[in-house]
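Enquirer:
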DNA sequence: TATAGTTGTATAATTAATGATAGTATAATA
DNA sequence: TATTATACTATCATTAATTATACAACTATA
């Protein structure tokens, strides 16, 4: 049994998935691999996610210590930047492997079909 | 936009997660990395999953061409073995990275707390 | 003055994922 | 003869994840 931040997981793999699983988290992390992005910049990279979902996922990633949120102005319009924490950066090989395989799978299918 | 098996994904990372996401799929794949397992053997490795969920996940993995199911007897009690397909084996680096990071995260936390 | 831009939250609804429990068919075993 | 084992499926219930839509607060721009 694996424990992390109060939650229990039956397998080392499910622990990781508990933190980066779901429809959007790996997409967020993928876009943050090599750069800092503002909230609206992330939205432009991910046009099909709703604002609420993006907000919730960012908040969860922040709570888990994977993403850091930096606010630059105290009054609206706010300027908020999101980036990976040092701990979040340890996930880069995982996210990269996930992203690379997605590209591989698409290309493989094309090859077979054409 | 990435397409795979009729489904669309906004990002290469979400394509992969569409196939191996969820609470149990990576756990199944992790146990199948280096061996073939029967249905009940998988259940013993994953005591907290229900039979229905395990069945559904295996069926989905089979439909996606990641896992193969081999039946050895025609009448009950059946003997069914699950293993990775060649395509499924291309996921091993991904699953291994996911599993490794889970171990790393647990150890890191221990180190910091003690 | 009216509008657009920024980073969200609130509320409600819907969809997806997972779980609980019981049941099936047949053979081998006790 | 009753029980155990295998690999599930069926039905129903519950929980988790995601979406839709509207709204807020303030500034800068038109």
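Protein chains in written order, with UniProt numbering: chain A, 1 to 114; chain B, 1 to 114.
C-beta: ideal position from N, C-alpha, C; glycine also.
Computed from a predicted structure; not experimentally measured.
For residue 60/B, decide whether its Cβ has a neighbour in chain A, counting only Cβ atoms nearer than 8 Å.
Expert: no
Enquirer: Measure how close the beta-carbons of residue 13/A and residue 49/B come, nearest whole angstrom, since I'm counting them as under 8 Å.
Expert: Contact flag wrong, Cβ pair sits at about 13 Å.
Enquirer: To the nearest angstrom, how far is it from the Cα of residue 66/A to the Cα of residue 78/B?
Expert: So the two alpha carbons sit approximately 45 Å from each other.
Enquirer: Pick from 108/A, 24/A, 52/A, 37/A: whose alpha carbon is nearest that of residue 81/A?
Expert: Ranking 108/A, 24/A, 52/A, 37/A by CA distance to the CA of residue 81/A puts 37/A first.
Enquirer: Taking the alpha-carbon positions, what's the residue 27/B to residue 9/A distance?
Expert: 10 Å
Enquirer: Do you know offhand how far residue 46/B's Cα is from residue 11/B's?
Expert: 31 Å
Enquirer: Between residue 88/B and chain A, is there a C-beta pair that is closer than 8 Å?
Expert: no
Enquirer: So who's on the other strand from residue 4/B, going by DSSP bridges?
Expert: 7/B
Enquirer: Which whole-angstrom value describes the C-beta separation of residue 125/B and residue 60/A, a residue pair presumed to lie in contact below a C-beta threshold of 8 Å?
Expert: Only positions 1 to 114 of chain B appear in the structure, and residue 125/B is not among them; the question remains open.
Enquirer: Counting only C-beta atoms, is residue 55/A closer than 8 Å to chain B at any point?
Expert: The beta carbon of residue 55/A does not come within 8 Å of any beta carbon belonging to chain B, so the residue lies off that interface.
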